[in-house]
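Novice:
Numbering (my numbering), first residue to last: 14 to 800.
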């Protein structure tokens with residue numbers, strides 16, 4: 014990880030960022046400043062700039078260099094045990110990362126593992142959190158009942174009243190000082206780098222209510238008349254402080270449980286892999302731990318078993334269920350040489366396989382890593398919440414002060430008591446937790462939901478941008494077609510022998526990685542022709558190949574290559590080529606010593622689901638454009654069959670990127686789908702790059718979205734999910750903003766002059782907790798999005 018990731022991973026020594034309080038690995042820190050003879054380290058350029066502007070203000074906030082002290086989790090529920098090797102991050106601030114549990118220095122939330130682990134004991138953590146919550150409820154309930162007795166007309170005699178007062182004060186103090194300790198700790202830490210957050214408000218509200226009540230209970234003579242009721246007594250609010258702490262703890266617990274559900278998709282993927290594999294070695298078979306399996310091992314996959322790692326079939330024939338990775342319900346037939354993916358399920362036949370990829374290099378591991386990365390990224394919509402959060406807490410504190418002043422000046426007796434309650438209610442109800450969770454929780458759910466449907470989003474921006482696409486640009490081979498071209502015809506000219514021509518073409522193409530080359534070499538292999546030795550081999554990007562056989566100069570490729578090699582194409586040859594192209598085949602020319610001697614027609618079938626997928630995309634208003642290096646006649650034949658709106662044929666890799674740029678300059682939002690190395694420039698140039706899951710690593714690294722199955726129907730699903738996610742985020746943001754817009758004035762007492770309505774701090778605490786739970790619950794609805 015980079016230094017900007019603020020990760021105190023393993024290197025020593027470490028320092029604390031004086032601006033935000035995050036731990037920085039000094040060995041790799043990219044941002045530092047010298048001041049007063051000390052070196053200060055920063056997590057990012059923004060913190061450094063803030064320090065450089067006012068160094069006197071921050072220089073003494075933390076020691077310039079120090080070992081990172083363990084930050085034990087002060088979650089309202091029981092802290093989770095550290096996961097070995099895990100990196101912890103904040104649900105709201107993914108840039109906060111460290112190698113042990115703790116609290117976010119920006120918002121105070123408990124950090125969570127970046128990658129879920131099947132070893133995490135959620136049940137034990139849930140039981141501990143539940144016990145803590147029920148204990149607080151048991152302590153708070155008698156406090157609340159004792160406080161309510163006078164309001165229902167029950168007045169205890171003197172000695173009993175005194176004992177009840179002490180019991181109420183004692184139990185409330187345990188609840189506030191023990192149960193609320195995590196909130197006070199987080200609130201205090203937020204002040205040191207001056208990044209006030211929701212726990213700043215909670216700590217202020219409950220702290221003021223409890224301290225005032227304790228002082229009023231122990232030394233009522235210290236309070237002026239403004240705090241006394243008509244009977245001359247100073248009211249206490251132990252029950253408000255205790256109930257607030259318990260309700261906030263309840264809200265944290267419910268929110269924690271709901272957030273745990275957002276990681277269920279990743280855990281489900283991790284659980285697909287069996288813990289053992291059956292390895293064949295020295296003629297014997299043994300079950301071994303998955304961690305012992307290595308590349309080139311031979312494994313047996315019996316009927317009904319899961320494939321443990323990635324590899325290829327060595328023997329056997331079976332159908333394999335890949336639905337958990339691709340979202341496609343139909344099983345895939347596997348035979349000799351076919352690829353197998355870890356986590357898929359062998360059905361009725363027995364297979365043996367050779368291991369090719371293990372550990373983090375497997376498809377399943379890469380899917381989990383990519384989904385986890387997408388869940389941690391910030392969507393552009395998050396900027397709205399971030400801008401508001403920067404001034405929100407100070408503004409709430411200011412409103413609380415104004416509410417106190419207004420009630421103290423204009424309110425009914427006891428004025429100061431009412432003023433205190435109004436200020437505490439404002440601080441509690443304005444907790445910005447719902448605002449902070451609005452975007453990241455939706456992104457987490459959407460990423461997991463997409464992964465289960467075979468859609469991998471690289472980051473949150475990709476999820477948000479996908480819905481805006483109005484133009485889809487498609488490569489032909491491997492994207493619209495199956496990517497498994499086959500040789501359908503060889504037209505030998507001037508009485509040349511067909512098998513001899515096939516042997517020459519295959520000899521040239523055997524060193525090429527192109528799909529068309531594989532069609533030629535496969536045909537030669539099937540026909541059993543002998544391949545002569547080639548010398549002076551040369552690959553011509555976007556054209557073909559050339560070389561020598563003995564003293565004869567060979568060229569094999571498309572018409573532009575023939576022109577480049579000064580090989581004439583007469584009208585008869587061109588007419589034969591066009592006849593093949595009109596059938597949707599690709600034509601390659603073979604030339605010997607500057608003369609065309611044969612034409613090779615290669616066909617690649619259109620994928621079964623492509624016509625319907627394109628029809629659905631066009632029905633949604635999307636323009637479909639095809640980019641291909643193939644001949645225009647062949648491209649137009651395919652485009653006509655699929656009703657594609659626009660075709661660009663005989664385009665080089667650089668030319669594909671140029672077409673994308675032209676479309677973007679026209680104001681279009683462009684998505685490019687491709688699968689090959691030659692598509693990488695176009696994928697990078699588009700607003701959204703979409704890679705086919707069976708394509709090259711370069712294409713998948715460049716793209717923002719990967720379709721695991723490689724079917725264009727995944728684009729329809731990705732667009733639907735993107736639209737639903739953005740709608741869900743906007744609902745969350747709207748709810749959070751409206752909640753605070755209504756709640757804060759209500760808590761401040763705006764309705765009291767008109768309706769005589771005030772808001773109890775206990776009701777404020779309940780409303781605050783429910784707002785966060787509501788946001789999480791709304792985000793979880795994305796799991797039901799029609800895919």
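By construction, the Cβ of each residue, glycine as well, lies at the ideal position given by its N, Cα and C atoms.
Specify, as a first and last residue, the run of the alpha helix (DSSP H) that residue 181 falls within.
Specialist: Looking at the DSSP string, the run of the alpha helix (DSSP H) that includes residue 181 is 171-187.
Novice: Using C-beta distances below 7 Å, list every residue in its chain close to residue 549, excluding the 5 sequence neighbours before and after it, in chain order.
Specialist: Excluding positions up to five away in sequence, the list reads 560 and 561.
Novice: What would DSSP say about residue 644, mapped onto helix, strand or coil?
Specialist: Note: residue 644 maps to coil in three-state DSSP.
Novice: Which two residues bound the contiguous beta strand (DSSP E) that contains residue 563?
Specialist: Per DSSP, residue 563 belongs to no beta strand (DSSP E) and is neither H nor E.
Novice: Kindly list the residues whose CB is nearer than 6 Å to the CB of residue 519, restricted to its own chain and excluding five residues on each side of it in sequence; keep chain order.
Specialist: Excluding positions up to five away in sequence, the list reads 533, 534, 537 and 544.
Novice: Here's the rule: buried if 16 or more other CB atoms are within 10 angstroms of the residue's CB, otherwise exposed. What is residue 420?
Specialist: So residue 420 counts as buried.
Novice: Let me know if residue 118 comes out buried or exposed under the rule of 16 or more other beta-carbons within 10 Å of its beta-carbon.
Specialist: Flag for residue 118 reads buried.
Novice: With residue 367 and residue 324 assumed to form a contact (beta carbons below 8 Å), what rounded beta-carbon distance in angstroms separates them?
Specialist: Indeed they touch by this definition, with Cβ atoms about 5 Å apart.
Novice: If I'm right that residue 674 touches residue 704 with Cβ under 8 Å, what's the distance once you round it to whole angstroms?
Specialist: Not really, about 19 Å apart at Cβ, beyond 8 Å.
Novice: Give the straight-line distance between the Cα atoms of residue 474 and residue 51, rounded to the nearest whole angstrom.
Specialist: Their backbone Cα atoms lie some 39 Å apart in a straight line.
Novice: Is the distance from the Cβ of residue 361 to the Cβ of residue 302 below 8 Å?
Specialist: Their beta carbons are not under 8 Å apart, which means residue 361 does not touch residue 302 by this criterion.
Novice: Quick check on the DSSP output: the beta strand (DSSP E) that includes residue 661 runs from which residue to which?
Specialist: Residues 659-661.
Novice: Let's see if you can read the secondary structure: which residues bound the beta strand (DSSP E) around residue 615?
Specialist: Where residue 615 is concerned, the enclosing beta strand (DSSP E) stretches over 608-616.
Novice: For residue 585, which option in 506, 295, 189 and 654 has the closest C-alpha, if you only look at C-alpha atoms?
Specialist: Looking at the Cα atoms, 506 is the closest of the given residues.
Novice: Nearest by alpha-carbon distance to residue 459: which of 740, 786, 199 and 645 is it?
Specialist: Measuring from the Cα of residue 459, the nearest candidate turns out to be 740.
Novice: Just to confirm the assignment: which complete beta strand (DSSP E) runs, minimum length 3, are found wholly within the region 694-774?
Specialist: The region 694-774 contains these whole beta strand (DSSP E) runs: 701-705 and 718-720.
Novice: Check the DSSP bridge columns for residue 331 and list the partner residues they point to.
Specialist: Beta-bridge pairing links residue 331 to 347.
Novice: Residue 485 to residue 588, Cα distance in whole Å?
Specialist: Distance between the alpha carbons of residue 485 and residue 588 is about 33 Å.
Novice: Under 8 Å, with one C-beta from each stretch per pair, do the region 627-636 and the region 653-671 reach the 3-pair mark?
Specialist: Yes, they touch.
Novice: Look at residue 311 and residue 357 and say whether their C-beta atoms are less than 8 Å apart.
Specialist: No; because the gap between Cβ atoms is not below 8 Å, this pair is not in contact.
Novice: Assuming residue 251 contacts residue 406 under a Cβ cut-off of 8 Å, what Cβ separation, rounded to an integer in Å, is found between them?
Specialist: Rounded, the Cβ-Cβ distance is 26 Å, inconsistent with contact.
Novice: With burial defined as no fewer than 16 other Cβ atoms inside 10 Å of the residue's Cβ, what is the status of residue 54: buried or exposed?
Specialist: Burial call: buried.
Novice: Return helix, strand or coil for residue 252, following the three-state DSSP convention.
Specialist: Helix at residue 252.
Novice: For residue 481, which residues from the same chain have a beta carbon less than 6 Å from its beta carbon, with the 5 sequence-adjacent residues on both sides left out?
Specialist: Hits under 6 Å: 682.
Novice: If contact is defined by three or more beta carbon pairs under 8 Å, each pair taking one atom from either stretch, is the region 641-657 in contact with the region 589-599?
Specialist: Short answer: they touch.
Novice: Look at residue 745 and residue 792 and say whether their C-beta atoms are less than 8 Å apart.
Specialist: Yes, the pair counts as a contact, with Cβ atoms nearer than the cut-off.
Novice: Taking the straight line between their C-alpha atoms, what separation do you get for residue 31 and residue 196?
Specialist: Going from the Cα of residue 31 to the Cα of residue 196 covers about 22 Å.
Novice: Contact check, residue 289 vs residue 493 under 8 Å by CB: the rounded distance?
Specialist: With a Cβ gap of about 41 Å, residue 289 and residue 493 do not count as contacting.
Novice: Starting from residue 600 and walking both ways along the beta strand (DSSP E), at which residues does that stretch end?
Specialist: First-last of the beta strand (DSSP E) with residue 600: 599-605.
Novice: Checking 8 Å against the spacing of the C-beta atoms, do residue 435 and residue 761 come in under that value?
Specialist: It is a contact, given that the beta carbons lie within the stated cut-off.
Novice: Measure the Cβ-Cβ separation of residue 600 and residue 582 and say whether it is below 8 Å.
Specialist: It is not a contact, given that the beta carbons lie outside the stated cut-off.
Novice: In the structure shown, what three-state DSSP assignment does residue 780 receive?
Specialist: DSSP places residue 780 in helix when its eight states are reduced to three.
Novice: Answer with buried or exposed for residue 755, where buried requires no fewer than 16 other C-beta atoms within 10 angstroms of its C-beta.
Specialist: Burial call: exposed.
Novice: Could you tell me which residues DSSP puts in a beta bridge with residue 292?
Specialist: Bridge partners of residue 292: 299 and 312.
Novice: Please confirm whether residue 258 and residue 149 have their CB atoms less than 8 Å apart.
Specialist: In contact: residue 258 and residue 149 (Cβ atoms closer than 8 Å).
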